Amino acid sequence: MLEKFADKFRLDDQTMALRVANEFSDGDVVNLGIGTPTLASNLIPTDKEVLFHSENGVLGYGQICTAGEGSHDLVNAGGQPVEYKPGMCLLEHSESFAVVRGGWLDYTVLGGMQVAENGDFANWMVPKKKVGTIGGAMDLAMCSKNVIVLMNHMTNKGVFKIVKEVSYPFTGHQCVDMVITDIAVIAVTDEGMVLKEVAPTWTPEEVQECTEPKLIIPPDVKDVQLA
Amino acid sequence: MLEKFADKFRLDDQTMALRVANEFSDGDVVNLGIGTPTLASNLIPTDKEVLFHSENGVLGYGQICTAGEGSHDLVNAGGQPVEYKPGMCLLEHSESFAVVRGGWLDYTVLGGMQVAENGDFANWMVPKKKVGTIGGAMDLAMCSKNVIVLMNHMTNKGVFKIVKEVSYPFTGHQCVDMVITDIAVIAVTDEGMVLKEVAPTWTPEEVQECTEPKLIIPPDVKDVQLA
Amino acid sequence: MAINKIVANLEEAVADIHDGAMIHVGGFGTIASAPSQLLEAVSRLDVKDLTLVSNSGGFGIEIWGEHDIAVLHQTNKVKKHIVSAPVNPLIINDLEKKFRAGELEMEMVPQGTMAERIRAARAGLGGILTPVGLGTVIEEGKQVIEVDGKKFLLETPLKADFALIRAYKADRWGNLIYRGTSRTFNATMAGAARITIAEVEEIVELGDLGPEEIITPGIYVNRVVKRTGAGKASDDYDEVARRAAEKKAKEA
Amino acid sequence: MAINKIVANLEEAVADIHDGAMIHVGGFGTIASAPSQLLEAVSRLDVKDLTLVSNSGGFGIEIWGEHDIAVLHQTNKVKKHIVSAPVNPLIINDLEKKFRAGELEMEMVPQGTMAERIRAARAGLGGILTPVGLGTVIEEGKQVIEVDGKKFLLETPLKADFALIRAYKADRWGNLIYRGTSRTFNATMAGAARITIAEVEEIVELGDLGPEEIITPGIYVNRVVKRTGAGKASDDYDEVARRAAEKKAKEA
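Order-wise, the sequence lines are chains A, B, C and D. Letter by letter, the first sequence follows residues 1 to 227 of my numbering. Letter by letter, the second sequence follows residues 1001 to 1227 of my numbering. Letter by letter, the third sequence follows residues 2001 to 2252 of my numbering. Letter by letter, the fourth sequence follows residues 3001 to 3252 of my numbering.
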């Protein structure tokens, strides 16, 4: 984050997960990336029927188990045991990715390294590292109906992550629909990036300072919507 | 059949099926075409473990049920109810043909219209008819380890079915390994067609008269081997 | 609103099928594996110029009080049929009559290629390479692609507007299980269309179908309708063959 | 001779794995889904220059007394690794160390493409077309094929010499069932190699696995071996993560 904003309020991981969970409606099929996105599966109201897909071959699982509970034969893609839920089913790997590639996911939520103005996306390798984990990210990013990136708005060192052009190795082109960060919610549209919501105490102008491309700032920018 | 041989002994359908059943060993995976080939699944010694595959999605089924028995939810490709057998499993259609195309069938037994000297094969359409049923025949003929054609040696009108060159629409090229007819067993080899067995009372020379390409006739031609 | 894919009746299930729609029809060729009540419901619609995709062209005779895919030819709904086994030696079916009369377009597809093209639609593939059909009429008009010196035909996905399928049990999420060899093209076609409609013997509570047991995930299914009437009779196949032969003899 | 694919022990199961062999390794990344005892048996063989195909590069720490795929890097068996998730943020694994040291070739594959390339090998396809990877490093050196004006990458089958997989129960025909999310790449890889070897918790009588229940047909499986020892412990994932973090801290 920029040094001048170092002490300013920012959403923590759980709150970001809560914000993304708020996007989902009854019947939506959702894949949550490893890490912060995964938390969203625990933050859905119990009367809402959202089907969570995990690429290791489970569809419609329940909450992440508390430590020491659950079975290692029923885990999410991050290896965390999850609860059985009525209606759940299991898929071998090629069918699990038929779900992904076939466009059956309403939402994919992924961590990110860079998101460009036009929705270009990089999340799997820092260029100088020469090795990174693609995993299911390319399939998920290229083939889901809606791709939401959940990430800090800037790096710890204050470098832009929301950029004019992606400089890291691509995950996919023009695939990101929304970015949820620790300070803002941004929609990627044909006209450009539209600032939809800001974290409490943040102004649109401050968010713009932390964002490389020019944001479209409508008059009705809201505070982050958690329910 | 040629008129001069009209009254000569010929193998009936059941005996031809028995002859083909005699080819299979323990552990072989076998697909039997609709019609005469299908009979072979009932002619395997009970202590021999041959796995019959049917393209409608069953692997390892038992005998064809007697009339009025069995279930219409467990049928072979000809629609005949078959018996459950321990070890049997079910496959949806793309997996059923993964079995075929993947080369998992040790033997495919198909009816035929024409087989050429080099193993070229036609079995699905008489040219003037303009419509015929391909079904699984192309997949089966092109992808099985061994393709056996079970057919009458000549047409009712005495026209060659074992020919120098296929004139009917192709099922597959150079795919037939063996032809079992009502009067002979012929192996298709790189050197040409080798007469292996003849029906009782038939001489190799008589079989040659009923066959367009020149047969290789080894000194040890046997009578048809039924066990 | 909780997810509920169960619709009240056959008419509601097929109401939005429109002129010119492309329709996957599940099953293999036997009446027991066919979505016969959905087919009958479509035959009662005022629609035309349908493109059908199915393994078989059907027999076209009433079996156990129900009809197979031929009912759509009999009611003049079909413009084109993409099919693996259009005709059969037991009977001259309606497809064959229409085709010979020049009233029907037909695309013949090897059965394994058909299965894979349908799966490709569900799985978001742009196509698949198969050796099957090389050097046959099937090759006509298709790209031949070489991989490591071997030739293959490029076959493209078959994605339909609607898929009509038959299953054994369903829950309100649309999860399905099948019975025996009725799995066949029914399970393959589920999800290979914009709208998948399943005709089932039984509707069970969510959770009654176990996670290890479900064959078709509910996300591939848009509507579930329970079959009406007493269900399938116990006639055997020989009876079907006998009656087909009778009809053929009568027409000859 | 009745069919019997059950072999006496792990050593016999892997005895013919040879220098330069290409090996599919099932599972996803967790120890519960890995063929860990087969991997340990291979690590004890005198073989080199293996090419591995797996989803994950492994953690390389002992978990519940067993090892994951990293044990083959630790014992210097590997020349090349075809992999979707080679490294992970919890630990610098052996694959990463070897790769950085220039001692390992690596081919990175998007996970869905990997699954489909493996299935293509079992299903006798010459390749599949996918949009995934277009305009990324994955595109390099591959044919781009246009179908109806849309571009796709041509991805080719991954057929191995051996597939090492993990299942729950097997019968003597090699029919397999899995448990929960341990199905994953294990079921996908069965049959995608010349020789498929399954490590299982239990061996049951032929017929105990019902026809509707079998996930992997026995024809895809060449050898079945029962796991030794008490089986998997009940440690939870946090423990795994904690110990990985510890090791990383120690090395930093």
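Every residue, glycine too, gets a C-beta built ideally from N, C-alpha and C. These numbers come from a predicted model, not from an experiment.
Checking contacts by CB at 8 angstroms: is residue i closer than that to chain C?
{"i": "A137(A)", "result": "no"}
{"i": "V3147(D)", "result": "yes"}
Is DSSP giving residue i helix, strand or coil here?
{"i": "H3073(D)", "result": "helix"}
{"i": "R1019(B)", "result": "helix"}
{"i": "P3217(D)", "result": "coil"}
{"i": "Q1063(B)", "result": "coil"}
{"i": "F2152(C)", "result": "strand"}
{"i": "M1154(B)", "result": "strand"}
{"i": "L3038(D)", "result": "helix"}
{"i": "R3194(D)", "result": "strand"}
{"i": "D2161(C)", "result": "strand"}
{"i": "A2187(C)", "result": "helix"}
{"i": "F1160(B)", "result": "strand"}
{"i": "N2004(C)", "result": "coil"}
{"i": "V2224(C)", "result": "strand"}
{"i": "K1004(B)", "result": "helix"}
{"i": "S25(A)", "result": "coil"}
{"i": "S3054(D)", "result": "strand"}
{"i": "P218(A)", "result": "coil"}
{"i": "D3235(D)", "result": "In this predicted model, D3235(D) has a pLDDT of only 43, less than 50, meaning its place in the structure is not dependable enough to derive any value."}
Between residue i and residue j, is the Cβ-Cβ spacing less than 8 angstroms?
{"i": "L110(A)", "j": "V159(A)", "result": "no"}
{"i": "V1075(B)", "j": "T2030(C)", "result": "yes"}
{"i": "V1224(B)", "j": "E1206(B)", "result": "no"}
{"i": "A2198(C)", "j": "V2221(C)", "result": "yes"}
{"i": "T3196(D)", "j": "G57(A)", "result": "no"}
{"i": "Q1174(B)", "j": "D1220(B)", "result": "no"}
{"i": "I3128(D)", "j": "I2128(C)", "result": "yes"}
{"i": "T2130(C)", "j": "G3191(D)", "result": "no"}
{"i": "D182(A)", "j": "A199(A)", "result": "yes"}
{"i": "D1106(B)", "j": "K1145(B)", "result": "yes"}
{"i": "I1180(B)", "j": "L1195(B)", "result": "no"}
Spell out whether any CB of chain D is found under 8 angstroms from the CB atom of residue i.
{"i": "D1177(B)", "result": "no"}
{"i": "V1147(B)", "result": "no"}
{"i": "H173(A)", "result": "yes"}
Shorter than 8 angstroms from the beta carbon of residue i to some beta carbon of chain A?
{"i": "N2222(C)", "result": "no"}
{"i": "L2125(C)", "result": "yes"}
{"i": "S3054(D)", "result": "no"}
{"i": "N2175(C)", "result": "yes"}
{"i": "D2171(C)", "result": "yes"}
In or out: residue i buried (at least 16 other Cβ within 10 Å) or exposed?
{"i": "Q1080(B)", "result": "buried"}
{"i": "Y3237(D)", "result": "Interpretation of Y3237(D) is limited by its pLDDT of 40, a score under 50 that renders its predicted location unreliable; the figure taken from the coordinates is listed afterwards. Result: buried."}
{"i": "S1167(B)", "result": "exposed"}
{"i": "P1169(B)", "result": "buried"}
{"i": "N156(A)", "result": "exposed"}
{"i": "H2024(C)", "result": "buried"}
{"i": "H2073(C)", "result": "buried"}
{"i": "E2096(C)", "result": "buried"}
{"i": "G3218(D)", "result": "buried"}
{"i": "D26(A)", "result": "exposed"}
{"i": "R2183(C)", "result": "buried"}
{"i": "T66(A)", "result": "exposed"}
{"i": "G2065(C)", "result": "exposed"}
I'd like to know if residue i contacts chain B, where contact means its C-beta is closer than 8 angstroms to some C-beta of that chain.
{"i": "R3122(D)", "result": "yes"}
{"i": "F2099(C)", "result": "yes"}
{"i": "F2185(C)", "result": "yes"}
{"i": "G2065(C)", "result": "no"}
{"i": "I3195(D)", "result": "no"}
{"i": "R2119(C)", "result": "yes"}
{"i": "A3160(D)", "result": "no"}
Check whether the Cβ of residue i sits closer than 7 angstroms to any heavy atom of the ligand COA, and report yes or no.
{"i": "G1068(B)", "result": "You won't find the ligand COA in this model; it holds no ligand whatsoever."}
Under 8 angstroms, Cβ to Cβ, is there at least one residue of chain G near residue i?
{"i": "P3131(D)", "result": "Looking at the structure shown, chain G is missing, and the protein chains on hand are A, B, C and D."}
(request) Please go through the region 2093-2123 of chain C and give each complete beta strand (DSSP E) segment of 3 or more residues, from N-terminal end onward. (result) Runs of the beta strand (DSSP E) inside the region 2093-2123 of chain C: 2105-2108.
(request) Ignoring anything shorter than 3 residues or poking outside the region 1068-1154 of chain B, list the beta strand (DSSP E) runs there in chain order. (result) 1107-1110, 1114-1116, 1146-1150
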